[in-house]
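Protein chains in written order, with the numbering used here: chain A, 1 to 309; chain B, 1 to 78.
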């Protein structure tokens, strides 16, 4: 990192000199709430049997099938949030400045909060969260470069959370790629038929916008400096394909079921393309290259797993 | 953002929460002075009781409302 470019990372709240981050945050949340095919509670998407927000309480869950899929998706998200928080803990020590110690610590705290509220939703459904978090090693990480669809443990976290974040460039690339990818995925939950999840997700989504902004600000800074640009590009080259693999396969049968239950709104491929288009424009804006990515369907799980980064 | 075409006259007695709420750009100034506000706290303090309960996965928001009412009705005990 350049000596004369102080790495203060103090611009958490604004995107760049021309655009205020908090304004952008509000706009992105507004856009997200209006994304997909439905825009507000009470509307029904495509083949869904239920309108957005229709199921207002665990006691109103209409079928065992609905409950089973809901618990599965929520468990995936809760486990991912917890694994993500623990994966961020070592990143605090990677911080280049005292200000970044604070910023990174806040992100760790945010992720633990997300895990907590997701597990609370599961408790409302009769699940025992305190037992669950003791069953698995959520700090588990692997050193492989490419896990494919393999799972390294028996928890339900998104596969990407098994990879280790090795340095500050990795951490920023993770913010830029995975937090953004998760944001695109979780937009669907904002219009979920299960209202308690949708409402929890609105709070999570707002916080995730700050994480993405943190990553973008740092990416811009590191990409602008010829001394740090190659390492920033290398980190993007690592995390972009890993993120592209989280969205699941196009036209998957399970995605169809989730959409029928109103637990998802869009096809996996649609979400992937929205993510790639948005990130691609940011990379170009900051003078970075969009990594090549060709779908290797054997390395992509059938269904996307929800997870905030 | 400005009210009635005028920006507020900031005093040392001005409330930061009001300034942030009305003028997001003050966050940049706070950052320059090394003051970093926590996103969740910012979000939570602008929530209604209903929103805060829902964002926090409280199953029955009215229970939070009632608890707050009861606590305030009971007065301050230190």
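Glycine included, C-beta positions come from ideal geometry on N, C-alpha and C.
For residue i, three-class secondary structure by DSSP
{"i": "residue 248 of chain A", "result": "strand"}
{"i": "residue 163 of chain A", "result": "strand"}
{"i": "residue 265 of chain A", "result": "coil"}
{"i": "residue 101 of chain A", "result": "helix"}
{"i": "residue 142 of chain A", "result": "strand"}
{"i": "residue 172 of chain A", "result": "helix"}
{"i": "residue 61 of chain A", "result": "coil"}
{"i": "residue 7 of chain B", "result": "coil"}
{"i": "residue 119 of chain A", "result": "helix"}
{"i": "residue 50 of chain A", "result": "coil"}
{"i": "residue 212 of chain A", "result": "helix"}
{"i": "residue 55 of chain A", "result": "strand"}
{"i": "residue 23 of chain A", "result": "Unreliable placement is indicated for residue 23 of chain A, whose pLDDT of 43 sits below 50; the coordinate value is still reported in the next sentence. Note: residue 23 of chain A maps to helix in three-state DSSP."}
{"i": "residue 290 of chain A", "result": "coil"}
{"i": "residue 33 of chain A", "result": "Below a pLDDT of 50, predicted positions are generally treated as unreliable, and residue 33 of chain A, at 41, falls in that range; the measurement from the model is reported next regardless. If DSSP states are grouped into helix, strand and coil, residue 33 of chain A belongs with the helices."}
For residue j and residue i, believed in contact at Cβ under 8 Å, the rounded distance
{"i": "residue 255 of chain A", "j": "residue 248 of chain A", "result": "6 Å"}
{"i": "residue 161 of chain A", "j": "residue 83 of chain A", "result": "4 Å"}
{"i": "residue 115 of chain A", "j": "residue 169 of chain A", "result": "The Cβ separation is near 26 Å, so there is no contact."}
{"i": "residue 100 of chain A", "j": "residue 180 of chain A", "result": "That pair is no contact at about 20 Å."}
{"i": "residue 52 of chain A", "j": "residue 61 of chain A", "result": "Rounded, the Cβ-Cβ distance is 16 Å, inconsistent with contact."}
{"i": "residue 117 of chain A", "j": "residue 57 of chain B", "result": "4 Å"}
{"i": "residue 40 of chain B", "j": "residue 110 of chain A", "result": "6 Å"}
{"i": "residue 159 of chain A", "j": "residue 147 of chain A", "result": "6 Å"}
Any C-beta of chain A under 8 Å from that of residue i
{"i": "residue 21 of chain B", "result": "no"}
{"i": "residue 62 of chain B", "result": "no"}
{"i": "residue 38 of chain B", "result": "yes"}
{"i": "residue 70 of chain B", "result": "no"}
{"i": "residue 110 of chain B", "result": "Given that chain B is displayed from residue 1 to residue 78, the structure contains no residue 110 of chain B and the question cannot be resolved."}
{"i": "residue 65 of chain B", "result": "no"}
{"i": "residue 17 of chain B", "result": "no"}
{"i": "residue 56 of chain B", "result": "yes"}
{"i": "residue 75 of chain B", "result": "no"}
{"i": "residue 10 of chain B", "result": "no"}
{"i": "residue 14 of chain B", "result": "no"}
Residue i vs residue j beta-carbon contact at 8 Å
{"i": "residue 48 of chain A", "j": "residue 260 of chain A", "result": "yes"}
{"i": "residue 232 of chain A", "j": "residue 219 of chain A", "result": "yes"}
{"i": "residue 153 of chain A", "j": "residue 171 of chain A", "result": "no"}
{"i": "residue 122 of chain A", "j": "residue 204 of chain A", "result": "no"}
{"i": "residue 191 of chain A", "j": "residue 239 of chain A", "result": "no"}
{"i": "residue 198 of chain A", "j": "residue 189 of chain A", "result": "yes"}
{"i": "residue 280 of chain A", "j": "residue 223 of chain A", "result": "no"}
{"i": "residue 103 of chain A", "j": "residue 214 of chain A", "result": "yes"}
{"i": "residue 194 of chain A", "j": "residue 55 of chain A", "result": "yes"}
{"i": "residue 86 of chain A", "j": "residue 138 of chain A", "result": "yes"}
Own chain, CB closer than 7 Å to residue i, minus 5 neighbours either side, in chain order
{"i": "residue 89 of chain A", "result": "108"}
{"i": "residue 251 of chain A", "result": "267"}
{"i": "residue 54 of chain B", "result": "61"}
{"i": "residue 69 of chain B", "result": "none"}
{"i": "residue 44 of chain B", "result": "52"}
{"i": "residue 143 of chain A", "result": "164"}
{"i": "residue 241 of chain A", "result": "291 and 293"}
{"i": "residue 269 of chain A", "result": "250"}
{"i": "residue 312 of chain A", "result": "This structure gives no information on residue 312 of chain A, because the portion of chain A shown stretches from 1 to 309."}
6 Å CB neighbourhood of residue i in its chain, flanking five on each side removed
{"i": "residue 244 of chain A", "result": "293"}
{"i": "residue 125 of chain A", "result": "58 and 71"}
{"i": "residue 131 of chain A", "result": "none"}
{"i": "residue 79 of chain A", "result": "155, 156 and 157"}
{"i": "residue 38 of chain B", "result": "none"}
Neighbour flag for residue i against chain B, beta carbons, 8 Å
{"i": "residue 102 of chain A", "result": "yes"}
{"i": "residue 200 of chain A", "result": "yes"}
{"i": "residue 117 of chain A", "result": "yes"}
{"i": "residue 153 of chain A", "result": "no"}
{"i": "residue 179 of chain A", "result": "no"}
{"i": "residue 266 of chain A", "result": "no"}
{"i": "residue 207 of chain A", "result": "yes"}
{"i": "residue 34 of chain A", "result": "Unreliable placement is indicated for residue 34 of chain A, whose pLDDT of 40 sits below 50; the coordinate value is still reported in the next sentence. Not an interface residue."}
{"i": "residue 174 of chain A", "result": "no"}
{"i": "residue 99 of chain A", "result": "yes"}
{"i": "residue 110 of chain A", "result": "yes"}
{"i": "residue 210 of chain A", "result": "yes"}
{"i": "residue 196 of chain A", "result": "yes"}
{"i": "residue 215 of chain A", "result": "no"}
{"i": "residue 42 of chain A", "result": "no"}
Residues near residue i by beta carbon distance below 8 Å, same chain, minus five either side
{"i": "residue 19 of chain B", "result": "8, 10 and 26"}
Practice task
Report the residues of the segment 114-143 of chain A with a CB closer than 7 Å to any CB of chain C, ordered along the chain.
Solution key: Chain labels in this structure do not include chain C; the protein chains are A and B.
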